[in-house]
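Only one structure is covered here, and it is reproduced in the block below.
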Amino acid sequence: MREALAAAEARFLAPANLTEGQLATQLGAMLRGDIDFADLYFQHAEQQAFVLEDGRVRDASFSIDHGVGLRAVAGAKTGFAYANGIDGAALKAAANAASAIADGRGATGQAVAFTASAGAPSLYAVENALASVSDETKTARLRALDALARTLDARVSQVSASLVGRQETVMVLASDGTRCADERPLVRFSVSVVVEKNGRRERGSAGGGGRISFAELLEGDRLEDWVREAVRIALVNLDAVDAPAGSMPVVLGPGWPGVLLHEAVGHGLEGDFNRRGTSTFSNRVGEAVASPLCTVVDQGNLPQRRGSLTIDDEGTATGETVLIENGVLRGYLQDKTNARLMNVAPTGNGRRESYAHLPMPRMTNTFLRAGQDDPEDILRSVQRGLYAVNFGGGSVDITSGKFVFSTTEAYLIEEGRITAPVKGATLIGQGPEVMNRITAVGHDLALDSGVGVCGKDGQSVPVGVGQPTLKVSSMTVGGTGA
Amino acid sequence: MADKQGAALSAERLGVNEAGRAALAERAAQLLARAKARGATAAEVSLAKRQNLELTVRQGALETLEQTEGQDLSLTVFRGQRSATVSSSDLSPEACETLVEKALFLADQAEEDPHAGLAPPELAPAVLPNLDLFHPWALSLDEARALASACEAAALAVSPELRNSEGATVASALGLSCYANSQGFQAIEPRSRHGLYAAVIAGEGARMQRDGWGVTRRCPDDGLDPQAVGRRAGERALARLDARPVPTGRYPVVFDSTVASTLLGHFVGAISGGALYRRASFLLDALGEMLFPPRYSITEDPLRPRGLASASFDDDAVATAPKAFVAEGRLESYALSVYAGRRLGLAPTGNGGGVHNLAMNHDGLSREALLEELGTGLWITELMGQGVNGVTGDYSRGAAGFWVEKGQIAYPVQEITVAGQLRDIYRNIRAVADDGEQPRAVEVGSMLIDGMTIAGA
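Going down the list, the sequences are from chains P and U.
When you read off a place in the first sequence, starting at 1, and then add 39, the result is the number in the working numbering.
When you read off a place in the second sequence, starting at 1, and then add 943, the result is the number in the working numbering.
Encoded structure:
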């Protein structure tokens, strides 16, 4: 952390001859009228992408995002502005714009002093994710992966693949004394193939990554495994029959199907919705909201995971938050503002897409803890139902609790056995109702491979999900078949 | 916030004047010159400056105020048939120098692509028509706050069942963008966009339902009425109370005009060059086919004054023009960028970056008449999730709306899915109402479609 702080100060303050003392003064000046909290979020991000299409690395791109976001808070009221150029004049103009929410005569500014940061150990010891491997190595690997996909099966007609990496430095200074920084790597590999047989076409996609360097991502043959996975899924779907329609038992596979928890539980437990009383989970701490088999946690401090952060975007150290314990609601995901208004501690879930966006309570890595059941036994217990192992995205209406997620690889279960693959179908249910219908939880907890993106109020952040194999006794499956 | 009485946004500060435009043009020219000096054989650059005001009032009190100003640039360089793109929010001269270097380095990492390159210069517009897209809103913070308060109050006043709120928001944005390429084409255009939105909660506890409404306009005088927006938000939330699923089955379905636009969105996705050359479209090789009943056409009108998706040239600097994608049911044109056109051996259609002001014609029926025509079936007013497979056209999404019996609304419906096949959906449109909202980027009335599968209780 100290090293990150030194690097951040060199990046953001030195070029403009700004000192921490000046920034403390600036923050103090923002505390006028009824404003009782202010913070500065400096960010410099560099992103690089190589995209292979039609056998060629035809698209190379690079981008820089650089700026500082300023926030003033008075109770439930927030003012916000940002500046792309970081210098004294730009900061002052943005501070005035953010502080325009001030009401009343009250203070005309207060003294702010930063606390010496003790420093949490970084969860991702990476010097520079982008520069860890030469660009030639990245493009050559993409070409080799394209060739691999085409040799795996003659029905593969199109391959798109990309390597995307981001390295960012953030620094948070706040009127509550917060002074900390983080250097965050994030890399991802994605592959999508189209297969064709007798005029029928299907697509399969796979990929993964995390807060590691390109060098680590490219180690071993994980990328090759993801290419095989994409081809396998596409070929499975070539033979898919119509998905069934109606209510039936649903068995969800381990790992990425944990998008169930993200939609059915996670969003509804974000502190802002619950402070406003607009979530189906509002005012229900201590109540049973899921079957006793369910313990759901959000954990931001797992090393190297895509959804992990050493500190959140308000400088709070991340950790493990138990949301539901043996079916009982224990607490919400909090940022500083909502924690303060609800009189609880922040949980390290204050996140923002960038300096140009306001932070709010967001998930990190959200998963259901392992249970006792054998996955094979869970499948055997179903007479007729759906076994879903891969999903596209999902979404939720947090007020009614209705949520959906859509399969991209699923099979019929008939008399306890997996039979025909079925076409993609949307599953719909109500959060607490579906959680209460979880009647079996496997011992095979897995987290996803590192591709998740979560959207809220127009802001995207990387997240992780996970779960063991589990059974929902009844859920609505939106196919077209009988 | 009593000390801020002037207009929150300023066209002057954004640089929408002679000096500001000249400075932006100069900057673009410098970047192109620098790229050329470093070995680029061709280049194009986009520069954009923005000002945004967004103010939200919740339960009568100010909740958030965002006043932001930003900028960014995007530069694409070509070295023969190799290319790369760089972008940045840091426009300092040092950052620009680094970016140009980086772009040329990256272009050398990419592979030769016979289809790469700028559009033929003769495809650029000869003159730039005035599309009337810039109308600043002289709104002070206090005025914005009063508008948002009035909008939320109008929503909550609809019924005593409406007690909680997600707030009402006033948003205003000004932008100034400059596009220039090494073939000598250059355009500088200011644009504005203003909106009013509200979302409220009906009922309490397990009965709670949320819904809202919003409008977006280029010009603040074109119907940003806080009372009308608020009332509609309140009515929509109230109407959802006590919704329940319907039994699984096949029914005729009306897609309300507010969600019917997504069906045209999937159509546009499938006729887009990228999906076609990747062979990832269910409308591959469909040019000339009858896809819709013969009384329907789907057109775009890029040059409509004050249109939300108006543009006189596309992302490739190709001039746009009004045209039909579907004429009397038949697919007449794909939506192609220059690159996609070259890949497919077709002329570009001025759709690099998408379509502009899409519209579908209707049958002159009111919504009430359309529900009469539906008879007994489902009227869908909300769709959820992403369950649309663009490669196969398989369609399965979450939905909510109303059960209709003999043309009359019987009860609200939720927790169901609606599924089918997009080719069948387009072919089975029985009627389109005249209730499409205007202006919208996609204008279409409520659509009655036969034979969709609903999964519910």
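In this text, a Cβ means the ideal position worked out from N, Cα and C, and glycines have one as well.
For residue 459 of chain P, the enclosing beta strand (DSSP E) covers residues 456-461. Distance between residue 108 of chain P and residue 1233 of chain U, taken at the CA atoms: about 53 Å. A check of alpha carbon separations from residue 1121 of chain U across U:969, U:1264, U:1334 and U:1068 identifies U:969 as the nearest. Taking 8 Å as the threshold, the shortest C-beta distance from residue 284 of chain P to chain U falls below it.
Runs of beta strand (DSSP E) with 3 or more residues, each lying fully within the stretch 966-1008 of chain U, are found at 985-1001, listed in chain order. Per the Cβ contact rule, the stretch 1277-1286 of chain U is not in contact with the stretch 1190-1197 of chain U (fewer than 3 Cβ pairs under 8 Å). Given a length threshold of 4 residues, each whole run of the alpha helix (DSSP H) inside the stretch 1075-1160 of chain U is given here in chain order: 1084-1099.
When DSSP assignments are scanned along the stretch 148-206 of chain P, the uninterrupted stretches of alpha helix (DSSP H) that are 4 or more residues long and fall wholly within it turn out to be 174-191. Remark: fewer than three beta-carbon pairs, one from each stretch, lie closer than 8 Å, so the stretch 443-452 of chain P and the stretch 478-494 of chain P are not flagged as touching.
Closest in C-alpha terms to residue 504 of chain P, from the list P:482, P:419 and P:406, comes P:406. Cβ-Cβ distances below 7 Å link residue 138 of chain P to 69, 71, 74, 111 and 118 in the same chain, with the five nearest sequence neighbours on each side left out; the list follows chain order. If you look at residue 1235 of chain U, you'll find it isn't in any alpha helix (DSSP H); DSSP assigns it neither H nor E. At a cut-off of 8 Å between beta-carbon atoms, residue 1327 of chain U makes contact with chain P. Secondary structure note for residue 1200 of chain U: its alpha helix (DSSP H) is the uninterrupted segment 1200-1213.
Beta-bridge partners assigned by DSSP to residue 1338 of chain U: U:1331 and U:1363.
For the stretch 320-349 of chain P, the continuous beta strand (DSSP E) assignments of 3+ residues that do not extend past its boundaries occur at 335-338, in sequence order.
The closest CA to that of residue 1222 of chain U, considering only P:470, P:148 and P:92, is found on P:92. Proximity of residue 1089 of chain U to chain P, defined by a Cβ-Cβ separation below 8 Å, is not satisfied. In this structure residue 236 of chain P touches residue 277 of chain P by the C-beta definition: roughly 5 Å separates them, less than 8 Å.
If one requires a minimum length of 4 residues, the alpha helix (DSSP H) runs lying completely within the stretch 1288-1322 of chain U are 1310-1317, in chain order. The beta-bridge partner set that DSSP reports for residue 430 of chain P consists of P:446. In the three-state DSSP reduction, residue 94 of chain P falls in the coil class, being neither helix nor strand.
When Cβ-Cβ separations below 8 Å define contact, residue 1028 of chain U makes contact with chain P. Scanning the stretch 52-116 of chain P from its first residue to its last, the whole beta strand (DSSP E) runs of 3-plus residues come out as 76-92 and 95-113.
Residue 242 of chain P is bridged by DSSP to P:233.
When the alpha-carbon of residue 995 of chain U is set against those of U:1342, U:1134 and U:1347, the nearest one is in U:1134. Nearest CB-CB separation between residue 346 of chain P and chain U: not below the 8 Å threshold.
Shown here, residue 404 of chain P sits in a strand according to DSSP, grouped into three states.
Annotation for residue 1266 of chain U: the continuous beta strand (DSSP E) segment containing it runs 1266-1270. Around the beta carbon of residue 482 of chain P, fewer than 16 other beta carbons sit within 10 angstroms, so the residue counts as exposed. Residue environment for residue 506 of chain P: buried (at least 16 other C-beta atoms within 10 angstroms of its C-beta). In the pairwise beta carbon analysis, the stretch 1272-1284 of chain U is classified as touching the stretch 1207-1218 of chain U: at least three pairs are separated by under 8 Å. The count of Cβ pairs closer than 8 Å, one atom from the stretch 1374-1382 of chain U and one from the stretch 1296-1310 of chain U, reaches three, so the stretches are in contact. Residues 1197, 1199, 1314, 1344, 1345 and 1347 of the same chain have their beta carbon placed closer than 7 Å to that of residue 1322 of chain U, with the five preceding and five following residues left out of the count. The Cβ atoms of residue 1104 of chain U and residue 1184 of chain U lie closer than 8 Å to each other. Annotation: residue 1205 of chain U to residue 1397 of chain U spans about 18 Å, alpha carbon to alpha carbon.
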